[in-house]
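Down below is the structure, laid out as C-alpha cells.
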Amino acid sequence: MASQLPRILSVSSPGILYHFAITGLQAIAAYYNLEIPRKELKEILHQLPEGADACLQVIVCQINANFAPDSPPDDGIIQLMSGEAGSEEREMVLEDAWQVWKAKIKLDKTKKEFITRFDTIRNEARRLVCNHSVKGYQKHLLKVEQGICPCGSTRRVLQS
188 MASQLPRILS VSSPGILYHF AITGLQAIAA YYNLEIPRKE LKEILHQLPE
238 GADACLQVIV CQINANFAPD SPPDDGIIQL MSGEAGSEER EMVLEDAWQV
288 WKAKIKLDKT KKEFITRFDT IRNEARRLVC NHSVKGYQKH LLKVEQGICP
338 CGSTRRVLQS
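Okay, so the sequence shown: first residue is 188 according to the working numbering, each after it adds one.
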C-alpha cells in the first residue's frame, strides 16, 4: 500500500522539513516578480543564518497561506516577507509566531529577540533572492532608491 503522506512535504535531511521555509522565500521572489525554482530556493535557504528554516516555517504557518508547491504564495505572506505588511498585521502574526517559537524552538528568550531574528533573516533572504538574478537585483535596487525596500545591506552599497 502506498504512503498516504502528500508528496509535497519532502524531507531533505533526517528530521528537517523545508517546504514551509521555501514558501517564505517564494513570497519574496513573487514580490519582485521572479520565478525561481524550488531547488534553487532551497540553495538560498542554506545560505541563510542558522535557524532560518525553523523561523520561516513558524512565520509561514501563522498565515493562512496556500501551501501547494505549484501555487503562488498568498498576498499575506508576500506582504510580510517583503516588509510591506501594515504594523497591526505584522504585530499580530509575529505575536502568534513568537508564542509557537517560545514553546517549541526556545532559541530566543524575548519577543524582541525573535522579531530581530526574523527581520535579520527576512532582510538577508531578500538580498539573496534578489542577487539570484540580475533582473531581481535591478528591481531591488530600484525599490531601495525609491525608499520602498528597507534592506540595509544594499542601501550601504548605494551610499558608498
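Ideal Cβ placement from N, Cα and C applies to all residues, glycine included. All values reported here derive from a predicted model rather than from experimental measurement.
Taking buried to mean at least 16 other C-beta atoms within 10 Å of its own C-beta, is proline 260 buried or exposed? Buried, by the Cβ-count rule.
Just to confirm my understanding: we take isoleucine 250, look at its own chain, exclude 5 residues before and 5 after, and list those with CB closer than 8 Å. What are they? Asp261, Gly263, Ile264, Leu267 and Val280
Roughly how many whole angstroms lie between the Cα atoms of tyrosine 218 and leucine 294? 29 Å
Does the distance from the CB of alanine 239 to the CB of isoleucine 308 come in under 7 Å? yes
Determine the extent of the alpha helix (DSSP H) in which glutamate 227 is found, giving its start and end residues. 225-234
Cβ shell of leucine 196 (< 6 Å), same chain only, five flanking positions each side left out: Only weak support exists for where leucine 196 lies, its pLDDT of 41 falling under 50; the value from the coordinates is given anyway. His206, listed in sequence order.
Sub-7 Å separation of leucine 235 and glutamate 300 beta-carbons: no
Grouping DSSP H, G and I as helix and E and B as strand, with all else coil, what is threonine 307? helix
Chain C within 7 Å of phenylalanine 305, Cβ atoms only: Any reference to chain C falls outside this structure, which holds one protein chain only.
Going by the CB atoms, is the gap between valine 245 and tryptophan 361 shorter than 7 Å? Outside the shown range of the chain (188 to 347) lies residue 361, about which nothing can therefore be said.
Among Arg225, Glu230, Glu276 and Gly334, which has the Cα closest to the Cα of leucine 315? The option with the nearest alpha carbon to leucine 315 is Glu230.
Considering only residues of the same chain and omitting the five flanking positions on each side of asparagine 220, which have a CB-CB separation below 8 Å? Lys326
Pull up the distance between the alpha-carbon of glutamate 227 and that of glutamate 271, whole angstroms please. 24 Å
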